[in-house]
Amino acid sequence: MQVYLNGAYRAAADAFVSIDDRGFLFADGIYEVMIAHRGRLVLAEPHAQRLRAGLKALQLDTAPAGELIAIAEQLLDLNRLRDADALIYAQVTRGSAPRQHAFPPAGTPVTVYVNAKPMQSKPATCFDDGCAAITVADTRWSRCDIKTTALLPNVLANQAAHAAGAFEALFSRDGVLIEGSHSNLMAVIDGEVVTYPSCNYILTGITRNCVLDLARTLGLPVREGPIFADQLRHVDELFLTGTTVEVMPVTSVDGQAIANGSPGPVARRLLEEYRRYI
Numbered sequence: 095m096q097v098y099l100n101g102a103y104r105a106a107a108d109a110f111v112s113i114d115d116r117g118f119l120f121a122d123g124i125y126e127v128m129i130a131h132r133g134r135l136v137l138a139e140p141h142a143q144r145l146r147a148g149l150k151a152l153q154l155d156t157a158p159a160g161e162l163i164a165i166a167e168q169l170l171d172l173n174r175l176r177d178a179d180a181l182i183y184a185q186v187t188r189g190s191a192p193r194q195h196a197f198p199p200a201g202t203p204v205t206v207y208v209n210a211k212p213m214q215s216k217p218a219t220c221f222d223d224g225c226a227a228i229t230v231a232d233t234r235w236s237r238c239d240i241k242t243t244a245l246l247p248n249v250l251a252n253q254a255a256h257a258a259g260a261f262e263a264l265f266s267r268d269g270v271l272i273e274g275s276h277s278n279l280m281a282v283i284d285g286e287v288v289t290y291p292s293c294n295y296i297l298t299g300i301t302r303n304c305v306l307d308l309a310r311t312l313g314l315p316v317r318e319g320p321i322f323a324d325q326l327r328h329v330d331e332l333f334l335t336g337t338t339v340e341v342m343p344v345t346s347v348d349g350q351a352i353a354n355g356s357p358g359p360v361a362r363r364l365l366e367e368y369r370r371y372i
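Everything in the sequence shown is counted per the numbering used here, starting at 95 for the first residue and increasing by one.
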């Protein structure tokens with residue numbers, strides 16, 4: 095497989111990053127993930143815009159964001175992925191420099207890495223039967239709106255979910271479920287599609303925004319507000335959204351069934367509309 099690293103396309107086995115790279119030493123970097131459906135990039139411009147916003151927030155060179163789409167297109171060709179579904183991963187770090195907390199000298203080149211690989215589809219049972227989730231306390235920093243590579247709390251949360259035989263871990267902050275370890279969270283409450291408001295405590299997902307727009311197009315009421323953990327037994331439906339999870343029903347949380355324990359009609363309809371859209 096070919097990857098892009100610092101201005102050149104090369105075999106993945108021949109791509110190396112310095113041990114002094116600040117992404118390795120400090121998680122001082124930003125990343126983005128998008129998909130290509132049958133060779134066509136999905137929601138590419140919103141992904142590039144979010145990458146640009148994250149780079150600006152970390153005071154990094156924003157130029158790589160403008161190159162992302164062209165690089166991704168080239169990798170789809172080089173890796174012969176035009177007839178398949180593919181996952182594109184992009185990462186930009188502050189580059190290589192002697193280890194110190196302050197930024198390296200002005201002009202230090204950033205490290206830009208992009209790969210494109212065949213996408214591993216989720217089992218159909220995840221959508222037909224729904225998935226299980228657990229809740230975990232949200233111990234992350236207060237700028238989750240920036241898609242940084244510092245994902246250790248997410249890793250530990252998702253590992254806890256896997257150890258419990260669940261698919262996803264839902265972060266709980268002050269009794270409110272705000273998002274998953276690698277997904278956004280939505281509920282259907284009294285006929286409304288409810289999701290936590292866009293703010294610094296969540297990563298506002300590209301798929302999240304797309305699904306909310308689809309819900310409005312279908313005439314479904316949409317509200318940004320809290321999903322209380324202690325009121326899950328009263329919600330009509332619960333589901334995840336994300337680049338890799340699409341619209342995935344959650345049928346149990348911490349061993350407690352959601353509604354009747356089966357995927358609901360809203361999640362099914364939104365999944366159908368999302369797949370038709372892409």
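The beta carbon of each residue, even a glycine, is placed where N, CA and C say it ideally should be.
Is residue i a contact residue of the ligand SAM, with contact defined as CB to any heavy atom under 7 Å?
i      : result
ALA353 : Annotation note on the ligand SAM: not contained in the displayed structure, which lists no ligands.
Thinking C-beta only, is residue j closer than 8 Å to residue i?
i      : j      : result
ILE372 : HIS131 : yes
THR229 : VAL347 : yes
ILE444 : TYR368 : The chain is shown only over 95 to 372; residue 444 falls outside these bounds and no answer can be derived.
LEU119 : ILE163 : no
GLY358 : VAL288 : no
ALA121 : THR242 : yes
ALA251 : PHE265 : yes
ALA323 : VAL360 : no
TYR98  : TYR183 : no
PRO314 : ILE352 : One point to set straight first is that residue 314 is Leu, not Pro, in the sequence displayed. No, the Cβ-Cβ distance between LEU314 and ILE352 is not below 8 Å.
With a threshold of 16 other CB atoms inside 10 Å of the CB of residue i, please say whether the residue is buried or exposed.
i      : result
HIS328 : exposed
PRO158 : buried
ASN100 : exposed
ASN248 : buried
GLU331 : buried
LEU312 : exposed
LEU365 : buried
If I measure Cβ to Cβ from residue i and keep anything under 6 Å in the same chain, skipping five residues before and after, which residues do I get?
i      : result
SER190 : SER112, ASP114, ASP115
ALA255 : ILE228, GLU262, ALA263
ARG193 : LEU119
ASN173 : MET95, GLN96, ALA210
ARG302 : ASN278, THR335
VAL316 : VAL287, LEU306, ALA309, ARG310
PRO198 : ALA191
ILE165 : TYR98, VAL208
Measuring CA to CA, which of the options is closest to residue i?
i      : options                        : result
LEU169 : ALA196, ALA106, GLN153         : ALA106
SER356 : VAL270, CYS220, ASN248, LEU246 : CYS220
PHE285 : LEU245, ARG310, GLY274         : According to the sequence as given, residue 285 is Gly; it is not Phe. Ranking the options by Cα distance to GLY285, first place goes to ARG310.
ARG363 : ASN354, VAL305, GLY319, VAL316 : VAL305
ALA218 : VAL208, ILE296, LEU250, GLU340 : GLU340
GLY349 : ASN100, GLY117, CYS225, TYR103 : CYS225
HIS195 : CYS238, LEU332, GLY117, PRO140 : GLY117
GLN96  : GLU167, GLU366, GLU139, ASN303 : GLU167
LEU149 : ASP330, ASP239, TYR295, ASN303 : ASP239
GLU161 : ALA102, GLU366, ALA258         : ALA102
ASN151 : LEU314, ASN354, ASN294         : Per the sequence shown, the amino acid found at residue 151 is Ala instead of Asn. Answer by Cα proximity: ASN294.
TRP235 : ARG267, GLY313, ASP222, GLU331 : ARG267
PRO140 : ASP330, ILE352, THR298         : THR298
GLU273 : GLY259, LEU246, ALA258, ILE296 : ILE296
MET342 : ARG104, ALA257, LYS216, ARG370 : LYS216
Ordered along the chain, which non-local residues of its own chain (more than five positions away) have a Cβ less than 7 Å from that of residue i?
i      : result
ALA180 : ILE129, ALA130, LEU170, ALA210, LYS211, PRO212, MET213
ARG176 : GLY133, LEU170
ALA244 : ALA121
ALA109 : VAL97, LEU99
Output needed for residue i: all residues of its chain with C-beta closer than 8 Å, excluding positions within five of it in sequence on either side, in chain order.
i      : result
ALA89  : No information on residue 89 is available, as it lies outside the stretch 95 to 372 that the chain covers here.
VAL204 : LEU154, ASP155, PRO158, VAL186, THR187, ARG188, GLY189
GLU318 : VAL288, THR289, TYR290, PRO291, SER292
Between residue i and chain D, is the shortest Cβ-Cβ distance under 8 Å, so that the two count as touching?
i      : result
ARG317 : The chain inventory of the structure shown lacks chain D, comprising one protein chain alone.
Please confirm if the stretch 327–337 is in contact with the stretch 265–281, defined as three or more CB-CB distances below 8 Å between the two stretches.
-> yes
The stretch 120–127 in contact with the stretch 139–155 per 3-pair CB rule at 8 Å | Output reads yes: the stretch 139–155 touches the stretch 120–127.
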